[in-house]
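Trainee: Under this note's numbering, the first residue of the sequence shown carries the number 588, and numbering increases by one thereafter. Glycine included, every Cβ here is placed at the ideal spot set by N, Cα and C. Got a structure for you, questions after.
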Amino acid sequence: MMKMKSISASKASLVFFLCQMISALDVPLDSKLLEELSQPPTITQQSPKDYIVDPRENIVIQCEAKGKPPPSFSWTRNGTHFDIDKDAQVTMKPNSGTLVVNIMNGVKAEAYEGVYQCTARNERGAAISNNIVIRPSRSPLWTKEKLEPNHVREGDSLVLNCRPPVGLPPPIIFWMDNAFQRLPQSERVSQGLNGDLYFSNVQPEDTREDYICYARFNHTQTIQQKQPISVKVFSTKPVTERPPVLLTPTGSTSNKVELRGNVLLLECIAAGLPTPVIRWIKEGGELPANRTFFENFKKTLKIVDVSEADTGNYKCIARNALGSTHHVISVTVKAAPYWITAPRNLVLSPGEDGTLICRANGNPKPSISWLTNGVPIAIAPEDPSRKVDGDTIIFSAVQERSSAVYQCNASNEYGYLLANAFVNVLAEPPRILTPTNKLYQVIADSPALIDCAYFGSPKPEIEWFKGVKGSILRGNEYVFHDNGTLEIPVAQKDSTGTYTCVARNKLGKTQNEVQLEVKDPTVIIKQPEYKVIQRSAQASFECVIKHDPTLMPTVIWLKDNNELPDDERFLVGKDNLTIMNVTDKDDGTYTCIVNTTLDSVSASAVLTVVAAPPTPAIIYARPNPPLDLELTGQLERSIELSWVPGEENNSPITNFVIEYEDGLHEPGVWHYQTEVPGSQTTVQLKLSPYVNYSFRVIAVNEIGRSQPSEPSEQYLTKSANPDENPSNVQGIGSEPDNLVITWESLKGFQSNGPGLQYKVSWRQKDVDDEWTSVVVANVSKYIVSGTPTFVPYEIKVQALNDLGYAPEPSEVIGHSGEDLPMVAPGNVQVHVINSTLAKVHWDPVPLKSVRGHLQGYKVYYWKVQSLSRRSKRHVEKKILTFRGNKTFGMLPGLEPYSSYKLNVRVVNGKGEGPASPDKVFKTPEGVPSSPSFLKITNPTLDSLTLEWGSPTHPNGVLTSYILKFQPINNTHELGPLVEIIIPANESSLILKNLNYSTRYKFYFNAQTSVGSGSQITEEAVTIMDEVQPLYPRIRNVTTAAAETYANISWEYEGPDHASFYVEYGVAGSKEDWKKEIVNGSRSFFVLKGLTPGTAYKVRVGAEGLSGFRSSEDLFETGPAMASRQVDIATQGWFIGLMCAVALLILILLIVCFIRRNKGGKYPVKEKEDAHADPEIQPMKEDDGTFGEYSDAEDHKPLKKGSRTPSDRTVKKEDSDDSLVDYGEGVNGQFNEDGSFIGQYSGKKEKEPAEGNESSEAPSPVNAMNSFV
């Protein structure tokens, strides 16, 4: 048999196809006819050309064919006859050519590898299948290999090779871990088309020991696993960034060949840091739209269904911030053979002509070869009716013996095509296949198509007649189709009748009759109309139809081209649709569709739902004002008022409000008098004497108040004695020797007559004394002078007018003015509770010595010195106030191991009394604060040097230091803890016998006899070798802090070009460190944006393998300024001005000195004598100090003339102690029960009267303000 590259199955159906020549026959799809006609074999089903089978299952090689008579089957294997009878493992299915190879009995599938071809043969020819290549699938195991761990530097690229075993078909590759979880992929990490895993740059998180490549073989449903690959990433600081470099493909250019119709896959994977981004372009053209896809994070270009037009150069460009690189892939698209015109089956009658055409294309151009009945046509039996002309076979005057199956083979180096096409020569008399007396029904004025399906060989001629004996049909009113169909373009009612079809050829004649009926069309004579319906109303659409009486119509209603809603409100009648209780959802288009078996008509209308017209609303409004006010029954102290109500305006009147005007005392001002229910229109009103009354009435309903009515006539009542006396009478002294009597005056109409005055009376209480009285005009205050200090008085105030006095007034008790207390509290005792809290006791002063209302006691206390440092500091006095007659209090917030002083003063409404003698007490030791710093220097292979500073607040006598340390591994796990006790007089320590290249964490704190204080921590690393320390060293970190920024500087020892960073945070806070990068290799940095008055911790680090940092340093920002003024003390113009002022003062002093020596007065002295400063008080004789003035701060406070900030506030000094629960400041208030509610006052001691003065030391700005 001829060797062919391939053969293609022509999946023909059970029909004969139209031949290529115009004289060829169409074989109708009539099953009875097909059973009677002879037909050469046709392959209907076969296995694929490349058939990979599962070696564990039976091999089934398909070959199915049809023909008349049924064909027989035979097989070749590797080009020779395959005798299946001699192989017990091979059987052929009955009535089929399909082979079944039984390999369940221990036979291996590899024994049946080979090229198989099936032949189906009957008396009219032979059809052949494709060459079917049988190969069992293979899933070999991975070859064992020793995989060394991959040690990679952070930022470098890495490729993990998969190299799966060669299988059939090739396996699907994927990467997973030990937990069978797919490894995540990204722009940085991805799998290539060859299965390798590519890292553009590795990161520390890539460290793992279970990179596993899996190969899945789908045919055998098996998965093979490669041994795990270990990757360890080690870090270097800094990580070097690199421009892109292509990992695959290598070089600058490469070539790719792909076949037409396949999927083109191009790949570019690049290394680099930062991770490169891939971009694809086609040189000299555009990437094909709708067929181009990007996969694997744009590293793979995918073009589907490629054609020759996709040939060209494709460039991938990899780019990051440091540069770019590219690669050009030259793509050539080749083509396996593909059909232009495949040969088609040819049915001819004897003596006719025909052709078989076989045209194919490909790249390279395929060659065409012909076979007949499976034999190359060159060696096949001669047939004088055929002639081969390249891709065409020409048949002339064929005979029945010319029937055969021809095969066309189109082949090139990339594949082949094989098509079977038979030539079937038949001699058959005419046959009409349309059923006899078939009835055709059509609608009038529409086309009528009457069939006459026929067959015969040679092809019969068709003629049509109307009626049994009618004449042949001709003319423009008929159309005759080649398939025998008669068309009447416009059928009328008279077209109804019997039509006869006659078919004849040289072998005979036949005819058939059919019937045609023409029906009346269906018409909608009353269509639905557009409707606008109100909500909740009823809508109805009509649809009245007329139709042919022999047709049964059906009516369907649609809403918006969909079925009606499943709602009982929709009622479908014979000729209408009714919608009850219409809602907004019923808006839409309603369609009536009428269907018959022959036609369909429809009509539509729109329903619009609108809101129902509103019912006229009842207007509710405020009532109209009352009318016709009338005064009757006038008496001295009463009168009757009546009126007529106004309109209610649909809301009943609930009440009436009566108002009055006093035209004599307050004209134009209306006052509330009374109100009555809405059912009442008269009222009896009480009147006061000496008032010129007018009245008005206001009606009220639920909506609101009406406008006032017109005023009534005026009515003036007669004068009378006052009915009442002034209220709120009080007696309070403003000075130690006076009594101020105040009261609330009567209102105008309360005077009851002209000439209103007040009789003020007073006498000292508990003293047998007469009342002293005075009559004053209509005022509200009277001052009694010359009274004793703080004594009680009985007071009364009586009203009178021209007609007489008011009733006798009641008496009230008042006091003359207070003076400062005279006596200091005695027997002051202090009980120290602990190192920060003490309790103070005192004896109360005699109430008489208070000389006023006792408000409480103030305790002044201040720290004299720290017992551990023996150094005095700036004295800051604190004040706690305890209200009422309390004789003890708690002093919180004390500093341990310190000496304090305190005194106690009594307080009344006038001020403070004298201070008790200063009481000295001492607080015991406490635990110390943390050491001021801890620095670790001089790292060697096995030692570190520790240096530290003593605690800022020792709070006692230091007994020792405690050092604890432990190693830290790479996963930040802590090792065993070692503890060392160090004498208190030491400030450094060398730790020896440490592990080399190991990080240690240190915990350091100080200790007194009371206990251990808070600790400071630090970390350091021993070096790896002695020659060149691996880690840099940062020493002597110093800070210079201002209000909102700080200058940080340090000393650095280590490799050049180190990158520094500064970390800082609030001291004592557990928040994460904030990090700032230092530009360049500078050894200083400015931290900005700090909070004023806040303690900060800071440390400096150098980027490197160790991440080394300095020890911590502490600093505190300066306090915030009271206002954002420029510090003029540093301005040049201010310095110049001060120099000029100083020079003028110096000249003035010289002149004064000269004048004084001459014995005369200088002008300044005269001015001082003439205008003494009222602020300067006489000097006390006993101690030489100024009266009422204390200088407790070693500096004088600013005078009242000194300026304060624009917001009139003075900044208090900060304190870490909270005294809210213990006492109050100088401006604190007292609770009613006598307990103190004081809070800590941070002000320094000053005169009580000067509550707004600054407690800070004078600054240059304040000095300038004072000068001005």
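For Val1347 versus Val1378, is the C-beta spacing smaller than 8 Å?
Mentor: no
Trainee: Could you give the DSSP three-state label for Ala908: helix, strand or coil?
Mentor: coil
Trainee: With a Cβ-Cβ cutoff of 8 Å, do Gly949 and Thr827 count as a contact?
Mentor: For Gly949 and Thr827, no; Cβs fall outside 8 Å.
Trainee: For the ligand ZN, is there any heavy atom lying closer than 7 Å to the beta carbon of Ile1569?
Mentor: Looking for the ligand ZN in the displayed structure turns up nothing, as the structure carries no ligands at all.
Trainee: Whole angstroms is fine: what's the gap from Pro1554's alpha carbon to Arg1586's?
Mentor: 6 Å
Trainee: Among all the DSSP beta bridges, which residues are the ones paired with Phe884?
Mentor: Its beta-bridge partners do not exist; DSSP assigns none.
Trainee: Is the region 645-657 close to the region 730-746, with three or more CB pairs under 8 Å?
Mentor: Three or more beta-carbon pairs separated by less than 8 Å are not found between the region 645-657 and the region 730-746, which leaves the two stretches without contact.
Trainee: On the criterion of 16 or more Cβ atoms from any shown chain inside 10 Å, does Asn1818 qualify as buried, or is it exposed?
Mentor: Residue placement at Asn1818 cannot be trusted, given a pLDDT of 41 that sits under 50; what the coordinates show is reported in the next sentence. Looking at its Cβ environment, which holds fewer than 16 other Cβ atoms inside 10 Å, Asn1818 is exposed.
Trainee: Less than 8 Å between the beta carbons of Leu860 and Arg829, yes or no?
Mentor: yes
Trainee: Buried or exposed for Asp1700, please, with buried defined as at least 16 other CB atoms from any protein chain shown within 10 angstroms of its CB.
Mentor: Result: buried.
Trainee: Please confirm if the region 1109-1123 is in contact with the region 1196-1211, defined as three or more CB-CB distances below 8 Å between the two stretches.
Mentor: yes
Trainee: What first and last residue would you give for the beta strand (DSSP E) that runs through Lys1368?
Mentor: For Lys1368, the uninterrupted beta strand (DSSP E) segment begins and ends at 1368-1372.
Trainee: Using C-beta distances below 7 Å, list every residue in its chain close to Gly1084, excluding the 5 sequence neighbours before and after it, in chain order.
Mentor: Lys1053, Gly1054, Leu1103
Trainee: I'd like to know whether the C-beta atoms of Thr1704 and Ala1633 end up nearer to each other than 8 Å.
Mentor: yes
Trainee: In terms of residue numbering, what span does the beta strand (DSSP E) encompassing Val1608 cover?
Mentor: 1603-1608
Trainee: Taking all protein chains shown into account, decide if Asn805 is buried (16 or more other Cβ within 10 angstroms of its Cβ) or exposed.
Mentor: exposed
Trainee: Considering Cα atoms alone, identify which of Leu1218, Leu1387, Asp1069, Pro1017 is closest to Asp1038.
Mentor: Asp1069
Trainee: Going by the DSSP bridge assignment, what does Lys1509 pair with across the sheet?
Mentor: Ser1486
Trainee: Determine the DSSP secondary structure at Gly754, reduced to helix, strand or coil.
Mentor: coil
Trainee: Run the CB neighbour count on Phe1128, radius 10 Å, all protein chains shown included, and call it buried at 16 or more, exposed below.
Mentor: buried
Trainee: Would you identify the three-state DSSP class for Ser634, choosing helix, strand or coil?
Mentor: coil
Trainee: What residue range does the alpha helix (DSSP H) around Lys1435 cover?
Mentor: 1434-1437
Trainee: For Pro1479, which of helix, strand or coil comes out of DSSP?
Mentor: coil
Trainee: Within the chosen definition, does the region 783-792 reach the region 703-712 through at least 3 CB pairs nearer than 8 Å?
Mentor: no
Trainee: Rounded to the nearest angstrom, what separates Gly1043 and Ala923 at their Cα positions?
Mentor: 41 Å
Trainee: Please give the ranges of any beta strand (DSSP E) in the region 743-800, keeping only runs that are unbroken, at least 3 residues long and fully inside the region.
Mentor: 745-747, 759-763, 776-778, 784-786
Trainee: Under 8 Å, do Asn1242 and Ser1293 count as touching if we go by C-beta distance?
Mentor: no
Trainee: Taking Asp1249 and Phe1336 to be in contact with their CB atoms under 8 Å, please state how far apart those CB atoms are, rounded to whole angstroms.
Mentor: 5 Å
Trainee: To the nearest angstrom, how far is it from the Cα of Ile1328 to the Cα of Ser1403?
Mentor: 10 Å
Trainee: Based on the DSSP secondary-structure assignment, which residues constitute the bridge partners of Trp1230?
Mentor: DSSP output for Trp1230 lists no bridge partner at all.
Trainee: With Leu1222 and Pro1309 assumed to form a contact (beta carbons below 8 Å), what rounded beta-carbon distance in angstroms separates them?
Mentor: About 20 Å separates the two Cβ atoms, so there is no contact after all.
Trainee: In the structure shown, what three-state DSSP assignment does Ser989 receive?
Mentor: helix
Trainee: State the Cα-Cα distance for the pair Ala1035 and Thr1137, rounded to the nearest angstrom.
Mentor: 18 Å
Trainee: Classify Leu852 as helix, strand or coil using the three-state DSSP reduction.
Mentor: strand
Trainee: Where do the N-terminal and C-terminal ends of the beta strand (DSSP E) with Pro1264 fall, by residue?
Mentor: 1253-1264
Trainee: Are Trp957 and Ile980 closer than 8 Å when you measure CB to CB?
Mentor: yes
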